[in-house]
Amino acid sequence: MDTLSEPAHLSMKFVEGEVLLVDKPKDWTSFDVVNKIRGRIRHVFQVKKIKVGHAGTLDPMATGLLIVCTGKETKNIDLYQAQSKVYTGTMHFGATTPSYDAETEVNATFPTEHLTEEMIHEATKAFVGDIEQVPPMFSAIKVDGQPLYKMARKGQSIKVEARKVSIYSFEITRVALPEVDFKVHCSKGTYIRSLADDLGRAVGSGAYLTALRRTHIGEYKVDDALSVGELMEVIGG
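The sequence shown: position 92 = 86 (the working numbering), numbered continuously.
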């Protein structure tokens, strides 16, 4: 298996099967990245069909490591998705939003005067280990074949069942209220937005995510990833 993490010679490997490490930019969906890569490969190599897929969605607001597989490597997507993830980011305390992040408007505010750095550090301990987590309504999880976020945008509220996820570490790296920076190492399927919302509730104040970056997927690092622009140059055309 070849992993492309820096500019390399132009070859048919993009069509036959490659593992691409991409640093997803803010405001792009994961599918935007996939479609951009698919379009460039089709154009450069003059192929009508090419399998391209990603191994784990990043929300539009998030940046960082996105593994994109092409050709025969798409059959290994589940293997990459199953690996643990590391995220860094920022939470804003004192308010909540329907999406648990800055993509939607604040819907409630809460006091923060009682919060201390020690209290926030202590509260994270309850979330380390195997926990039950309720995914946000604004997510791509499907109910009766329809993504939850589409129902949420229509004002519909669906009961979402809690799921078991594993948090291997949850570190607070900066406290400058109302902002708090963090680093999380977690299992597949963990919603960092839900973790932010849950932590806010745990300390008697709301919280929502304002920044998120995925730095690792298993042994793969964002430091080895290419920007979309750099990857377009590597593919050629």
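Backbone N, C-alpha and C fix where the C-beta goes; we use that ideal spot for every residue, glycine too. This one's a predicted model, so the numbers in the text were calculated from it and none came from an experiment.
The alpha-carbon of H108 is positioned some 11 Å away from that of G88. Assignment of Y185 by DSSP, reduced to helix, strand and coil, places it in the coil class. DSSP, reduced to helix, strand and coil, places D124 within a strand of the structure shown.
Within the same chain, Cβ atoms closer than 7 Å to the Cβ of D191 are found at T90, Y94, A201, Y202, the five residues on either side in sequence being excluded. For the pair L189 and Q40, the Cα-to-Cα distance works out to about 45 Å. Scanning its chain for C-beta atoms nearer than 6 Å, with the 5 sequence neighbours on each side dropped, one finds around H179 the residues V80, Y162, S163, in chain order.
For the stretch 33 to 86, the full-length alpha helix (DSSP H) segments reaching 4 residues or more read 71 to 75 along the chain.
Taking the C-beta atoms as reference points, S78 is found no nearer than 8 Å to D124. When only Cα atoms are considered, T103 and D21 end up about 26 Å apart. For F8, the enclosing alpha helix (DSSP H) begins and ends at 7 to 10. At least 8 Å separates the beta-carbon of A56 from that of I71.
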